[in-house]
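S.K.: Quick one: structure below, then a few questions.
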Amino acid sequence: MTSTAPAGPRHVAIIMDGNGRWARRKGLPRLRGHEAGAESISAALRACRDLGIQYLTLYAFSVENWVRPKAEVAGLMALLRRFLRAREKELHANRTRLRAIGRIGDLPAPARKELQRVMDSTAHFTERHLVLALSYGGRAEIADAARRIAARAKAGEIDPASVDEATIAAHLYAPDIPDPDLMIRTSGEIRLSNFLLWQLSYAEFYFTPTLWPDFREADLAAAVEEYRRRHRRFGDIG
Ligand code: FPP
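Here the sequence shown is numbered in this note's numbering, starting from 293 and rising by one per residue.
Next up, the structure:
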């Protein structure tokens with residue numbers, strides 16, 4: 293493969309970290325940080341539209357986040373519903389399809405229903421995609437794929453000897469979505485935290501100390517500018 297000068301990115305994935313610290317620094321309850329973080333999602337969507345980014349995947353709630361205090365989990369689920377209701381018009385206006393990846397069945401019924409409703413009402417859009425990772429874990433996703441492959445092999449639908457990378461990729465939560473080109477993590481943490489383990493194999497990583505509630509269009513533009521400066525080689529020399 294020849295080395296590629298990146299024009300994109302086509303797909304950006306973000307670990308929206310630092311809501312709690314943002315709130316603490318302001319002497320506010322943690323949930324206020326998450327609320328401010330929800331505003332940053334709108335800014336990121338606007339930036340994606342302006343920068344020609346087709347896919348935006350956001351780590352909104354990890355499979356590990358269920359251990360947080362009950363009130364914070366309930367607050368986040370209520371916020372998810374409010375976010376979906378408040379942003380539905382914007383998604384339509386920007387012809388953006390909403391998708392979800394993760395163990396969606398774990399979500400409380402009201403949040404799940406709202407999510408399904410907005411996913412259905414935007415399902416016909418193809419230009420732009422907002423993907424929310426909810427009750428998501430990269431290892432859980434690969435384990436879920438392995439379980440489904442094993443069940444299909446047992447049913448005689450798949451020959452175990454034929455299982456390869458393409459088989460696994462085809463059994464992930466959203467196999468039709470291209471892998472992210474760029475992964476951004478806010479708040480200064482330099483970790484992947486079980487996010488898109490399979491899909492980020494060749495992504496460029498960008499870490500910024502900015503806390504997620506402070507993240508705005510210019511921050512995403514700066515990350516994209518840095519991405520475009522990098523030289524992507526996909527394992528080749530270059
Ligand atoms: C990480 O910050 C953020 C989360 C666990 C939740 C992300 C949620 C939002 C951005 C709000 C929008 C929500 C939905 C559901 C659409 P943290 O709480 O770990 O921050 P800290 O590390 O500073 O404590």
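Note that beta-carbon positions come from the ideal geometry of N, C-alpha and C, so glycine has one too.
Could you pull out every residue in the same chain whose Cβ sits closer than 7 Å to the Cβ of residue 440, ignoring the five residues on either side in sequence?
M.R.: 463
S.K.: Between the stretch 340 to 353 and the stretch 507 to 518, can you find at least three pairs of beta-carbon atoms closer than 8 Å?
M.R.: yes
S.K.: Out of 334, 472 and 369, which one is the CA nearest neighbour of residue 385?
M.R.: 334
S.K.: Say yes only if the C-beta of residue 333 is nearer than 7 Å to one or more non-hydrogen atoms of ligand 1, and no if none qualify.
M.R.: Yes, Cβ of residue 333 sits closer than 7 Å to a heavy atom of ligand 1.
S.K.: Short of 8 Å in beta carbon distance, which residues of its chain neighbour residue 299, apart from the five on each side in sequence? Order them along the chain.
M.R.: Once the five neighbours on either side are set aside, the close Cβ partners of residue 299 are 520.
S.K.: Comparing C-alpha positions only, which one of 486, 319 and 339 sits nearest to residue 426?
M.R.: 486
S.K.: Taking 7 Å as the cut-off, is the CB of residue 311 close to at least one heavy atom of ligand 1?
M.R.: yes
S.K.: Less than 8 Å between the C-beta atoms of residue 392 and residue 372, yes or no?
M.R.: Taking the C-beta atoms as reference points, residue 372 is found no nearer than 8 Å to residue 392.
S.K.: Which residue's Cα is closest to the Cα of residue 402: 412, 356, 362 and 370?
M.R.: 370
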